[in-house]
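Q: Can you keep this structure in mind? I'll have questions shortly.
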Amino acid sequence: MSADVGPSQSRGKQKHSKKKSKRVGVRIDMTPMVDVAFLLLTFFMLTTTMAKPQTMEINLPPDSGVNVEVAESNLLTLRVAADPKDTISVFYNTGIDKPVRLVGKNRTDCIAALGKMLKERIKSNPKLITLIKIDGKARYVDMVDIMDELNLADITRFSLAPLLDQDRKIIEKI
Amino acid sequence: MSKKRVGFKLDMTPMVDVGFLLLTFFMLTTQFKPEESVEIALPDSHSVFKLPDADVITISVSKDSRIFLGFDSQNMRSAVFGEANKLRAGMEVKSEQLANLLVQARTRNPKLRTVIKGDKDTPYEVIEKVMNVLQKVNITRFNLVTNLAK
């Protein structure tokens, strides 16, 4: 595999009387170039990521102290307690009912149960407003998962409130 | 009786052509992952909004509750963090400084969109604090960055 540049070698020889030698069939070995090209191709193919991260959009009401009056019966409260990793404890109640703990074998089951519950609730009461109270020590992923389930259940209006000590007392009893 | 194949030649030109075509494609479409100020494991969601390409303020919250503020353009970075820091993807900020910096950035470029990039294991109280700051400075629309759940 060598670059053979044929006729140009004969240029120096005296045998040829022609002053201008025609360069016919110049062949350059392209193998190294192609090798490099394919190397680069492999590199770019392997490093490219086509997917861009997704985002969840949230609209907050402006901070102007507007109070929204909601009928107790339309209010679904979700309370999330701080839990060790890979578990989640969600307590839900409508109005002034006693909170109920969502049961599930593991975290994924709990989230699925939450989704099911939300879909049933919104079906029976389309005016439902959800209030989410999350413990400060809980994980961020809990909030995202709950919001995701709300979005999947087409509940687009919900509020976030801090979990107060009185809420903590309520869910501790269960 | 076996025939010996001597000097077997195959025209590689079409393959090489396609190879170069693909190479050009990948070279032009590739975008190197922007440098992260801190490593963050994103939570999953079923949301399908895409992250906007430009004019983004990124508030990253790491696992150990540190808050980083980042911009996608160097101009914004040098305007907010100073010329010396314009090459850094994000700067660590205290939650008390955050409101001020956000207002400063948004007066410079009102088109900026805010995204929160929180780690899965961040305590919720930190995110809550950031969201309260956003509400206080009237950024009522923001996005939470997530990965697409399968």
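Protein chains in written order, with this note's numbering: chain U, 8 to 181; chain Z, 14 to 163. We treat Cβ as the ideally placed atom computed from N, Cα and C, and that holds for glycine. What you are looking at is a predicted structure, and each value in this text was computed from that prediction instead of being measured.
Please list the residues of the stretch 123-155 of chain U that have a C-beta atom closer than 8 Å to any C-beta atom in chain Z, keeping them in chain order.
A: Against chain Z - using a Cβ distance shorter than 8 Å - the residues of the stretch 123-155 of chain U are Ile141, Asp142, Gly143, Lys144, Ala145, Arg146, Tyr147, Val148, Asp149, Met150, Val151, Asp152, Met154, Asp155.
Q: Starting from proline 27 of chain Z, follow the alpha helix (DSSP H) in both directions and report where the run begins and ends.
A: Reading the second sequence from its first residue, position 14 is the one you call residue 27 of chain Z. It spans 26-42 - the alpha helix (DSSP H) in which proline 27 of chain Z sits, taken as one unbroken run.
Q: State the start and end residues of the unbroken beta strand (DSSP E) segment that holds alanine 118 of chain Z.
A: As a working note, residue 118 of chain Z is residue 105 in the second sequence. Taken as a continuous stretch (DSSP letters only), alanine 118 of chain Z belongs to no beta strand (DSSP E), being part of the alpha helix (DSSP H) at 108-121.
Q: Checking contacts by CB at 7 Å: is isoleucine 103 of chain U closer than that to chain Z?
A: In the first sequence, residue 103 of chain U corresponds to position 96, counting from 1. Taking Cβ atoms only, chain Z never reaches closer than 7 Å to isoleucine 103 of chain U, which makes this a no.
Q: What does DSSP give as the partner residue(s) for alanine 168 of chain U in the beta ladder?
A: The sequence position of residue 168 of chain U within the first sequence is 161, counting from 1. DSSP output for alanine 168 of chain U lists U/Lys140 as bridge partner(s).
Q: Have a look at U/Val33, U/Met40, U/Val31 and flag the residue whose alpha-carbon is nearest the alpha-carbon of valine 29 of chain Z.
A: Locating residue 29 of chain Z in the second sequence gives position 16, where the first residue counts as 1. It is U/Met40.
Q: Isoleucine 129 of chain U to alanine 160 of chain U, Cα distance in whole Å?
A: If you number the first sequence from 1, residue 129 of chain U lands on position 122. If you number the first sequence from 1, residue 160 of chain U lands on position 153. Taking the straight line joining both Cα atoms gives about 8 Å.
Q: Please report how far the alpha carbon of serine 17 of chain U lies from the alpha carbon of glutamine 44 of chain Z, in whole angstroms.
A: As a working note, residue 17 of chain U is residue 10 in the first sequence. As a working note, residue 44 of chain Z is residue 31 in the second sequence. For serine 17 of chain U, the predicted structure reports a pLDDT of 44, less than 50, and the residue's modelled location is therefore unreliable. A value from the coordinates is still provided. Cα to Cα, serine 17 of chain U sits roughly 50 Å from glutamine 44 of chain Z.
Q: Return no unless some Cβ of chain U is closer than 7 Å to the Cβ of threonine 26 of chain Z.
A: Sequence index remark: in the second sequence, residue 26 of chain Z carries index 13 (1-based). Taking Cβ atoms only, chain U never reaches closer than 7 Å to threonine 26 of chain Z, which makes this a no.
Q: With a threshold of 7 Å between beta carbons, is threonine 55 of chain U in contact with chain Z?
A: Within the first sequence, residue 55 of chain U is the residue found at index 48, counting from 1. Threonine 55 of chain U counts as touching chain Z.
Q: Can you tell me the Cα-Cα spacing of aspartate 11 of chain U and valine 31 of chain U, whole angstroms?
A: What you label residue 11 of chain U is simply residue 4 of the first sequence in a count that begins at 1. What you label residue 31 of chain U is simply residue 24 of the first sequence in a count that begins at 1. Below a pLDDT of 50, predicted positions are generally treated as unreliable, and aspartate 11 of chain U, at 46, falls in that range; the measurement from the model is reported next regardless. Each residue's alpha carbon lies about 12 Å from the other.
Q: Please name the residue or residues paired with alanine 88 of chain U in a DSSP beta bridge.
A: As a first step, residue 88 of chain U is located in the first sequence; it is residue number 81 there, counting from the start. Answer by DSSP bridge pairing, in chain order: U/Ser96.
Q: In whole angstroms, what separates the C-alpha of methionine 104 of chain Z from that of glutamate 64 of chain U?
A: Within the second sequence, numbered from 1, the residue matching residue 104 of chain Z stands at position 91. Within the first sequence, numbered from 1, the residue matching residue 64 of chain U stands at position 57. Roughly 24 Å between the two C-alpha positions.
Q: Can you confirm whether isoleucine 118 of chain U, when its beta carbon is compared against all beta carbons of chain A, has any partner nearer than 7 Å?
A: The structure shown contains no chain A; its protein chains are U and Z.
Q: So which residues of chain Z does proline 6 of chain U contact, with C-beta pairs closer than 9 Å?
A: Outside the shown range of chain U, which is 8 to 181, sits residue 6 of chain U, and nothing can be said about it.
Q: On a CA-only basis, which of U/Lys134, U/Asp149, U/Ser96 is nearest arginine 175 of chain U? Give me that one, please.
A: Position 168 of the first sequence, counted from the start, is the residue given in the question as residue 175 of chain U. The shortest C-alpha separation from arginine 175 of chain U is found at U/Ser96.
Q: For the stretch 141-161 of chain U against the stretch 137-145 of chain Z, are there 3 or more C-beta pairs whose distance is under 8 Å?
A: Yes: at least three Cβ pairs fall under 8 Å.
Q: Go to glutamate 141 of chain Z, then tell me how far its alpha helix (DSSP H) extends in each direction, as first and last residue.
A: Mapped onto the second sequence, residue 141 of chain Z falls at position 128. Run containing glutamate 141 of chain Z: 137-149, per the alpha helix (DSSP H) assignment.
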